[in-house]
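Numbering-wise (the UniProt record's numbering), the sequence shown opens with residue 1 and increments by one. This report refers to the structure that appears directly beneath it.
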Amino acid sequence: MPLRLHQREALDAWRRSISAGVSRGWIVLPPGAGKTMVGVRAIRESGRTGVIFSPNIAIRGQWQAAVPEVRCLTYQALANFGDDSGGSTQLARLHPNGRALVAELAATENLMIVLDECHHLLRTWGRLLAEVLGLLPDAVVLGLTATPATALTGAEATLENELFGEITYSANIPQVVAAGDLVPYQELGWLTSPTAAERDWLGEQQVRVQELLTHLSAPDRASVPLFEAVAKLQANVSWEELAATDERLTDALLRLAHAGYAEPPIGVAFGERHRRDPGIEDWVAVLNQWLLPLVDSPDPRDHALILEVREVLPSIGYRWTRRGISAAASTMDRVLARSASKALAAAEIVALEEENLGADLRALVVCDFERAAALPHGLRDVVTADSGSAWQTLKALAENPVGQRLEPLLVTAGVVAGTPSSSRALMDFAADRLPGHSLDTAEEEGLVRVLGWNVRQWVPVVTDFFQMGGTRLLIGTRGLLGEGWDAPGVNCLVDLTSATTPGAVVQLRGRSLRRDPENPAKVAINWSVACVADGVMGDADWRRLVRKHRGYLAPDEQGDLVDGVAHLADEFSEFRTPESDGIEAANVLAARRSRERDRVTEQWNDPRIRTGREVSVVRVSSRAKEPLTGSGFGDAAPRRLGPVLWPWALGAALVLAVLGLSWWAAAALVLTGVDLLIRVIRAGRRLTGLAANVGVGRVAKAVADALQARGLVSAGAGAVAVEIRGQELRCRLSGVPAEESAGFAEALDEALQPVSRPRYLISRLTADPPRLRDVLRLGLIGRETVLETWHPVPSVLASNRDRADAYLLAWRRWVGEGEVRYARSPEGEGITRAVRDIDPWRLTSAIRLHWE
């Protein structure tokens, strides 16, 4: 079988590494890109004795089929990962068979070990692996994974470097799609509201939490009032030190400051993530800082306060410990995560996709678990025991007319079930695949379970049945179908899971991205479902959806490849939960985009994707609903007043002729009039120029030139690219490294914000559209009526006066007249107080990561 482009590149990189004497490496390829074949070739070319470890039975089976001559094991062959032996070393966790296996491997000469899906190792038992490999110093070790290095935590990245060294080769999903080895895909979101019972219960909890927050902010509630403690915290510790030690706390303080609960720190700008109301996690971070010092207080109010908070915390997903507040399971989060509305949403989605694809539909709905555990007592009248389960989802789909047409089947590690019709069809199909094997059925809640076989038998049979269209709708669990399971026909994936780790997200999407030999034009659509509610705790499921899409690229409404939830809808932000009254419009948009599979294919055919790079783009929209222009919002060219005023000069000359003045007197008067006329024309041009709106493009060029002048970026105004996409203006600095692109975007975003507490301010002279008397007043007597508008100098350019002056120079070139003032001077403090929170641009800006 010929190798694909990225397989060849990965193997070439591995060969170069081996030739250079490096015995360990790490290759990153997306699911479906052919990691298995890379490992097979690497083992065979090495001439060594190969041993392959994989995370589950399904993946081990794929390796056994590909290289039957090589020993294939699961990681569980070494250790019981749920068992903490309490030994002094990680090797103590090895069970007896694991110790024997390690001893056998240590005695094997010319050994090569392949660790498939090695991201599991870093998160589960990486230290144990380090000790095991320490006993095998001469072994060649190749790690294979679909999880990009950028998704690793700091600790995981350190451990990865210790185990494997630098990455040998890496390719992301867009690059493999562009090469034609994965199918074009689209990510879409579907939002739901809680059911009536869920909404009522959530509303009661929201009221309780809001009342608590209001109660806690009372000035006499404790020996040290809440907001006094916040002010002391900011006064006693430098902001830089606080941000370095607890970024979660500083983010919370900035959100509280933006909402008016606290004073913003000097010189710190509000990023998009701060320009929203504080969430429950922000209040908890601040409460923790407030309450911990009160634990040993002699004041009885403080002890009563801590007890009150302690009782409320479990309902919002936290608990009180001796070390303060820590995260715990949240009943409110559980209601949203397992809302019965999600199964109904899955039914709506598959009905929509059946309309789009007809007989070609192969839909996969993935849940966290087959059946739910017992409910907490307080939720028994709110949700059913099976809410959020694969079984409940099957029931909802089986009750839907479209779902019935699709002959749905549930397949997990413990059960196969379906409607009476789909179960009977499956049994007839299985009779040919398992000759001599007798299957039986059992009815449960109107559904039919198929009995008499095991998971190793039913997974391949159900998969083949699905591939040939016997069922067009599979419901399963992430544990069985989320990783390692291969059905190339899947073209619609509905994600009802709560898993948000990059590895889980990438693996689950990998189920739909494989090319289908039976459908060369396949386009995959992956649906993420979230239940959102208004209020301080209604965003838990939305934040889960945000984490799923963070670091994941997909086409947005305009066809740009974009990271994060912005590819679901232009208006979506990871820092702002959609309002409940916007759910219907968001779903209508998703439904429309699902019908545009041909457009998705065109978007992925852009040849630039193959060699693209990450670029930070500032997206700007106008709150004033002003028209868009090519160079920015309201970037108007100044009007010339000459054609209007010159007829006045001609009229004056005629009047003089009629009066019959002597030629020299007339000449003197004409010269005087011409001088006045020139002054009036200049005045008109000045006022007209000041009245013209300055576009975002000009501000962007000023920012870029200032950054370049001080060596912060390698390109200036000439590299600024501005384009209008939909209802947004998108601005970026092209042709520069990713870190420079990000720095420019952050600076431009800050430049477009209202004044808060910057280190430096910069002014812009403006005027109302000039009337004739304004022009004459300025031209004849030198009196002008202009306004001075103040803006923040971006923090990177406000670190010292030299940088601020560079910004002023660029500002005068691209934006207009202005001055810089130090905000902590008496004059600057007065200006700051006068203009704080006034928004002269009337724009909304946000930074998004694009692939270009």
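Quick reminder that beta carbons are idealized off the backbone N, C-alpha and C, glycines included. Here the structure is a predicted model, which means the values were calculated and not measured.
- In the structure shown, His791 adopts extended strand secondary structure according to DSSP, grouped into three states.
- The C-alpha of Gln7 lies about 27 Å from the C-alpha of Gly479.
- When the alpha-carbon of Asp802 is set against those of Asn288, Ala269 and Ala709, the nearest one is in Ala709.
- Around the beta carbon of Met112, 16 or more other beta carbons lie within 10 angstroms, which makes this residue buried.
- Listed in chain order, the non-local C-beta contacts of Ala139 below 6 Å within the same chain comprise Leu111 and Ile113, local neighbours out to five positions each way being set aside.
- Between the alpha carbons of Leu135 and Gly21 lies a distance of about 19 Å.
- By the CB criterion at 7 Å, Trp851 and Pro174 fall inside the cutoff.
- Shown here for Leu313: same chain residues with a beta carbon closer than 7 Å to its own, the five before and five after excluded, namely Arg319, Trp320 and Ile325 in chain order.
- Taking a contact as a CB-CB distance under 8 Å, the pair Tyr807 and Ala706 counts as one, their CB atoms being some 4 Å apart.
- Counted as a single uninterrupted DSSP element, the alpha helix (DSSP H) harbouring Gln175 occupies residues Ile173 to Ala178.
- The alpha helix (DSSP H) runs lying completely inside the region 538-626 and spanning 4 residues or more are 540-549, 583-594 and 597-604, given in chain order.
- Looking at the backbone, the Cα of Gly484 and that of Asp464 are separated by about 15 Å.
- The shortest CA-to-CA distance from Leu336 to any of Gln727, Pro794, Thr497 and Leu787 is the one to Thr497.
- DSSP, read as helix, strand or coil, puts Tyr75 in helix.
- Look at Tyr807 here: in three-state DSSP terms it is helix.
- The beta-carbon separation of Leu493 and Leu364, rounded to 5 Å, stays under the 8 Å limit for a contact.
- In the DSSP assignment, Trp320 falls within the beta strand (DSSP E) that extends over Tyr318 to Thr321.
- Per DSSP, the unbroken beta strand (DSSP E) holding Phe53 starts and ends at Thr49 to Ser54.
- Your pair Thr195 and Asp368 does not check out as a contact, with CB atoms roughly 19 Å apart and the cut at 8 Å.
- Leu163: member of the alpha helix (DSSP H) spanning Gly154 to Phe164, first to last residue.
- Going by DSSP, His6 is part of the alpha helix (DSSP H) stretching over Leu5 to Ser19.
- Going by DSSP, Gly414 is part of no beta strand (DSSP E) at all; its letter is neither H nor E.
- With fewer than 16 other Cβ atoms from the protein chains shown falling within 10 Å of its own Cβ, Leu307 counts as exposed.
- Within the same chain, Leu394, Ala398, Glu407, Pro408, Leu409, Leu410, Leu426, Leu447, Val448, Val450 and Thr471 come within 8 Å of Gly418 by CB-CB distance, once the 5 residues on both sides are set aside.
- Under the three-state reduction of DSSP output, Gln727 falls in the coil class, being neither helix nor strand.
- Around the beta-carbon of Pro137, fewer than 16 other beta-carbon atoms lie within 10 Å, marking it exposed.
- Setting aside the 5 residues that flank it on each side, Ala10 is surrounded in the same chain by Ile27, Val38 and Tyr169, each with a C-beta closer than 6 Å to its C-beta; the list follows chain order.
- The beta-bridge partner set that DSSP reports for Gly279 is empty.
- Look at the beta carbons and you see the region 172-187 not touching the region 346-366: under three pairs across the two are nearer than 8 Å.
- Annotated three-state conformation of Met112 is strand, per DSSP.
- Gly32 places its beta carbon 7 Å or farther from that of Ser528.
- C-alpha of Leu553 to C-alpha of Leu305: approximately 46 Å in a straight line.
- Secondary structure note for Gln457: it is in no beta strand (DSSP E), and the uninterrupted alpha helix (DSSP H) holding it is Val455 to Gln467.
- Between Ser763 and Thr789 the beta-carbon gap is near 7 Å, inside 8 Å, which marks them as a contact.
- Under the DSSP definition of a beta bridge, Arg24 partners with Val141.
- In the structure shown, the three-state DSSP call for Ile349 is helix.
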